[in-house]
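Take any residue in the sequence shown, count from 1 to its spot, add 148: that is its number in my numbering. Even glycine gets a Cβ: it sits at the ideal position worked out from N, Cα and C. Everything below concerns the one structure shown next.
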Amino acid sequence: MRLPKFEHLQPESLEEALELLAEHGEQAKVIAGGTELLVSMKHGLLAPSYLVNLKEIPELNFIAYDGEGGLRIGALTKLATLIGSPVIQESFAVLSRAASLVAAPPLQQMGTLAGNLCLDTRCLYYNQSRFWRQARPRCYKTGGDTCHVVKGGNRCLAAYQGDVAPALIALGASVKIAKKGADRIVPLADLYTGKGERPLALQADEVLVEVQVAAEAARWGGDYQKLRYRGAMDFPLVGVAAVVSRDGLDTIARASLVLTAVSTAPILAEEAGRLLQGQELTDELVAQAAGAAYEVARPVNNIGSNPSYRRKMVRVLTKRAIRNAWVRE
């Protein structure tokens with residue numbers, strides 16, 4: 149498979165990059181690590197006329213933390229850097245663990261934080277070569293009017309399979325989004341539309357430039373559990389992030405659980421968190437929270453594993469994540 153023709157643009161500053169995105173609009177795509185984008189282009193899923201390469205913009209590559217302002221991470225920070233950062237390991241361990249479970253070390257050295265957060269949704273009927281896809285009618289994600297996963301379905305059900313997003317959403321993270329002449333800060337959870345065909349709430353001229361986590365989150369314990377076929381390379385079949393804080397020795401003051409790979413966007417299991425809050429951790433309580441997480445998971449048969457099995461594993465992974473997060477608090 150070959151890449152389609154495109155013009156490579158190399159801005160030296162964020163301002164210049166935003167100028168280029170404003171100029172070329174829908175014809176341009178941002179590239180940094182390229183671990184997903186280039187594969188999609190080779191498959192004929194994307195054919196941008198311009199690639200705006202952000203690699204040479206140092207202002208987007210940083211980790212900054214202080215006890216009052218909290219944690220700030222630049223969009224171009226490599227996943228490997230997150231994994232090895234003493235600050236992340238000591239104060240935001242759930243983020244370090246989630247990043248360590250992305251793909252394999254070579255891809256962690258290439259992939260960036262923003263790239264992982266902005267992953268496209270995936271489906272067995274979409275992430276194939278152009279030749280393979282031509283054997284079937286066009287689906288919703290490719291501009292058609294059918295869903296090959298759910299016969300008679302009226303929307304795209306492609307699954308969001310990012311690992312880092314659930315950990316950051318559980319930490320209450322926000323993201324800074326910039327375009328020419330303006331920027332905005334929104335909760336990370338709001339970045340995801342829940343629409344399989346267009347999963348990100350980003351306009352063509354916008355780019356995610358920074359992730360922010362409040363300082364209080366450094367006191368919380370967290371864990372991320374992932375189910376996949378192989379111990380390296382694979383996207384999650386199910387992922388669960390849990391973050392908890394204590395009120396005294398034995399009571400849960402705050403709890404947040406976020407699921408990935410079971411819907412078109414990361415899912416905040418609100419009822420599971422509510423059940424845990426203000427309670428002493430017991431086996432019965434953990435089982436109740438896991439059951440609540442199970443109830444909001446709605447996997448379908450679109451990423452290569454039995455959806456019933458994946459849904460059952462939500463219970464198992466949720467129990468593990470809660471227990472580990474409690475110990476690490």
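Check: Can you tell me which of the three DSSP states Ile205 falls into?; Outcome: coil
Check: Using a Cβ-Cβ cut-off of 6 Å (strictly less than) and excluding sequence neighbours within five positions of Leu375, which residues of its own chain qualify?; Outcome: Leu385, Val386, Met461
Check: In whole angstroms, what separates the C-alpha of Cys266 from that of Ala307?; Outcome: 13 Å
Check: What are the boundary residues of the alpha helix (DSSP H) that includes Lys460?; Outcome: 455 to 476
Check: Return the first residue and the last residue of the beta strand (DSSP E) that His156 is part of.; Outcome: 155 to 157
Check: If you draw a straight line from the C-alpha of Asp214 to the C-alpha of Ala363, how long is it?; Outcome: 7 Å
Check: Would you say Glu354 and Leu157 are within 9 Å of each other, going by their C-beta atoms?; Outcome: no
Check: May I ask you to report which of helix, strand or coil DSSP gives Pro478?; Outcome: The chain is shown only over 149 to 477; residue 478 falls outside these bounds and no answer can be derived.
Check: Cutting at 6 Å between CB atoms, please list the residues of its own chain near Val444, excluding the five before and the five after it.; Outcome: Ile415, Ala417
Check: Determine the direct distance from the alpha carbon of Ala246 to that of Gln256, and round the result to whole angstroms.; Outcome: 11 Å
Check: Between the Cα of Ala315 and those of Ile470, Leu166, Leu185, Pro196, spot the shortest distance and give me the residue it belongs to.; Outcome: Ile470
Check: Since Ser393 sits in a beta bridge, which residues does DSSP pair it with?; Outcome: Arg402
Check: So is Asn264 buried or exposed if we call it buried at 16+ other beta carbons inside 10 Å?; Outcome: buried
Check: Rounding to the nearest angstrom, what Cα-Cα distance links Leu319 and Ala283 in this structure?; Outcome: 43 Å
Check: Taking the CB atoms as reference points, tell me whether Val357 and Ala212 lie closer together than 9 Å.; Outcome: no
Check: With H, G and I counted as helix, E and B as strand and the rest as coil, what does DSSP make of Val187?; Outcome: helix
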